[in-house]
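Participant: Residue numbers (this note's numbering): -4 to 790. Glycine included, each C-beta is placed from N, C-alpha and C at the ideal position.
1. What runs of the alpha helix (DSSP H), each 4 residues or longer, lie entirely inside the segment 113 to 189?
2. Are residue 38 and residue 90 closer than 8 Å when you measure CB to CB?
3. Any contact of the segment 203 to 216 with the segment 348 to 357, i.e. 3+ C-beta pairs under 8 Å?
4. When you compare the CB positions of residue 452 and residue 170, do they come within less than 8 Å of one another, or not?
5. Assign residue 100 to one of two classes, buried (16 or more other C-beta atoms within 10 Å of its C-beta) or exposed (fewer than that).
6. According to DSSP, is residue 333 helix, strand or coil?
7. What do you reckon, are the CB atoms on residue 459 and residue 431 nearer than 8 Å?
8. Which value, in whole angstroms, describes the spacing of the CA atoms of residue 434 and residue 524?
9. Rounded to the nearest angstrom, what separates residue 645 and residue 15 at their Cα positions?
10. Could you pull the start and end residues of the alpha helix (DSSP H) that residue 753 belongs to?
11. When burial is assigned at 16 or more other CB atoms within 10 Å of the CB, is residue 347 buried or exposed?
12. In three-state terms, what does DSSP make of residue 779?
13. Across which residues does DSSP place residue 53 in a beta bridge pair?
14. State yes or no: is the C-beta of residue 509 within less than 8 Å of the C-beta of residue 476?
15. Are the CB atoms of residue 325 and residue 283 nearer to each other than 8 Å?
16. Could you tell me whether the segment 666 to 675 touches the segment 523 to 538, where touching means 3 or more Cβ pairs closer than 8 Å?
17. Can you give me the start and stop residues for the alpha helix (DSSP H) that residue 78 sits inside?
18. Do you know whose CA, among 615, 447 and 260, lies nearest residue 537's CA?
19. What does residue 706 pair with, by DSSP beta-bridge criteria?
20. Is residue 619 helix, strand or coil when you go by DSSP?
21. So residue 491 and residue 392 are supposed to be a Cβ contact under 8 Å. How far apart are they, rounded?
22. Ends of the alpha helix (DSSP H) at residue 399?
23. On the DSSP bridge list, what partners appear for residue 431?
24. Could you tell me which of 72, 762 and 202 sits nearest to residue 27, measuring between CA atoms?
25. Decide yes or no for the touch test of the segment 49 to 58 against the segment 285 to 297: beta carbon pairs closer than 8 Å, at least 3 of them.
26. Between the Cα of residue 641 and the Cα atoms of 539, 220 and 695, which residue gives the shortest distance?
27. Can you tell me where the alpha helix (DSSP H) with residue 596 in it begins and where it stops?
28. Identify which residue in 749, 339, 182 and 7 has its Cα closest to the Cα of residue 307.
29. Hey, quick one: how far does the alpha helix (DSSP H) through residue 27 stretch, first residue to last?
30. Using a 10 Å radius around the Cβ and a threshold of 16 neighbouring Cβ atoms, would you call residue 791 buried or exposed?
31. Given that a residue counts as buried once 16 or more other Cβ atoms are within 10 Å of its Cβ, and exposed if not, what is residue 274?
32. Just to confirm before moving on: does the CB-CB distance between residue 313 and residue 335 stay below 8 Å?
33. Does the segment 138 to 156 come close enough to the segment 96 to 113 to have 3 or more Cβ pairs within less than 8 Å?
34. Report yes or no: do the segment 699 to 717 and the segment 750 to 764 share at least 3 C-beta pairs separated by less than 8 Å?
35. Within a Cβ cutoff of 7 Å, which residues of the same chain sit near residue 572, ignoring the five residues on either side of it in sequence?
36. Which term fits residue 633, buried or exposed, when burial requires 16 or more other beta carbons within 10 angstroms of its beta carbon?
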């Protein structure tokens, strides 16, 4: 919980969303995005003015280059990261004031702010500050005594900020130990991730498209004037030599970070980014613009030698990109021509003294605004978005159904859907679901979901493949399904984006139907807490087969070993091979085309002899990249990415009906990894569930942090209260007002041991180390205030 807040929700700009009703959430996000763009430009302008680096018309020009940089445009969908861009110039202002006036009053508050708002981006800012501090120390060096005083104050200020942020950093650190820290890379290769000169292409406008999101080079577009000013910094004789040399060394380090793997990993806290690579490059952009702003002062006029040097660098850079244009899918010939023209105009403009003509300020600002604006338009047009109308249709359909259920049933339960727009649909539509995406998701959750046959990955789970067993044990009381309909605003017959098949809904009771959705109530859903066998605390469920894992899980709850045989493997009645070599045993076999130029498929047929539920397991190789699946001529929907074997529901209550599954190969061969048809013994399943329902936890109160209720433990009955709440060390339990230990059930859920009798049970969550963090932060704040008061009195 703390990790989620610390990564996504601590920005004060998020409060703007409270002004917008749910149906206008997109408008609120637009407002947030625009405001963050504006604040980024404003903070950089404030830095320029306060340090007297620039004044007049050049301030908005450089501020615009910063606010509309390539990094900002490419990452505007990651709103939680943008605060770092806003606060970085203010932290730098704090270092400048520390160097010039020995004052920490700017540095500490703003460094504390970024540490609290987003620890991840703050880590990158702190790494940059180390290099910036050393460069600043070189710039302002007079005596060793002053250097050590500057170093001491910088260290004290940095430690103070960390201590002031302890209330969020300490619990977040503990949370990360069970989530992102699990993915830390301990070994890396000393290699370049791509040919270094390829970075040059990113200085042309519009150098961003969808393919650059999952993998690509750093988005460091800043405009022609900034690039030219940055180059002049290193050959500007008016700037002290040690400042330029130190700046060059730091620049080389930053440049290497953009393509040298070890440095890239260090910037990303020893973890390769999943999409959006080179996230730290906003500090590179700051550095480029800051050095350009220091150089291009109103009285700067380059010499002939300087002009020739910069011209040579520009010609070599442009020539490389032009000759290798085919390597850059995000660039076109027109973009290169326009970029060269803007670069030429900027070069000529900077070569002239600012008082050459009256409209010089207008042209200077105009070039910056036009180039940065064009880049934003071209870049954003290269990626696709969900339209407002499409978003509203989906959200209204889902929220209407969710409201109906949540308003009519106030108990604790979860909802599953056969459609999905994002894995965070439950969050945005305010109901408890089984799917989520979060960069701070504990690794135990994807591991568990993978074991029960659900799609999972680093940072996400998708509860799209539930069985009768998993629905019951996970307290999935309701299921929403989609239906085709004609809705106002839809271009044609509208249907929610189907993500899975669920014939099992015919075992549930339909309770509600709207134009685009249907709701079903699951009569087998277990409450959030119930009494289970003590075996659930000790059973080691090591099977890799998700079907058997679910059966073993249920058996450990009931204590009945016979429940391990709930599922039985079934043979298909008939298999037709079309342009594929015949196989005697399908599971684990490799299908190969006989004629490589013709399509190939196999058709598998079975006819249920009862009304039980049937499931098909698919190994990770049987995905949409390798095969197209259909059932009785209809597309078989499945969440597209999964790294473990998943379970698909193929039949339910279909006695005597022919079920035909067709698999069309997309390549020359297909590995039928973990491909097995299973039948669930519905009668035994119902018997087991009814047994567990006999001793439920009657919930009397629950919210986002606590759940309490009563339970009656009879003589000789099961005495372990197990829940469908994931275990975490932050959970604390009391039974009849006395603290008791929280155990781990099925190696994933929270459980409590109980004695005979009627008990009042309460589970409450308090993030580990939050109390210690609060104490450290409050004590540090108090000491800081007292020290500041004494310092003012002495002054």
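Facilitator: This is what the structure holds:
1. 114 to 134, 139 to 159 and 161 to 172
2. no
3. no
4. no
5. exposed
6. helix
7. no
8. 28 Å
9. 42 Å
10. It is not in any alpha helix (DSSP H) - residue 753 instead sits in the beta strand (DSSP E) that spans 752 to 760.
11. exposed
12. helix
13. According to DSSP, which records beta bridges pairwise, residue 53 is partnered with nothing at all.
14. no
15. no
16. no
17. 77 to 96
18. 447
19. 754
20. coil
21. 6 Å
22. 383 to 403
23. 456
24. 72
25. yes
26. 539
27. Note, residue 596: premise wrong, no alpha helix (DSSP H); beta strand (DSSP E) at 596 to 601.
28. 339
29. 20 to 45
30. What the structure shows of the chain is the stretch from -4 to 790, and residue 791 is not part of that stretch, so it cannot be assessed.
31. buried
32. yes
33. yes
34. yes
35. 597
36. buried
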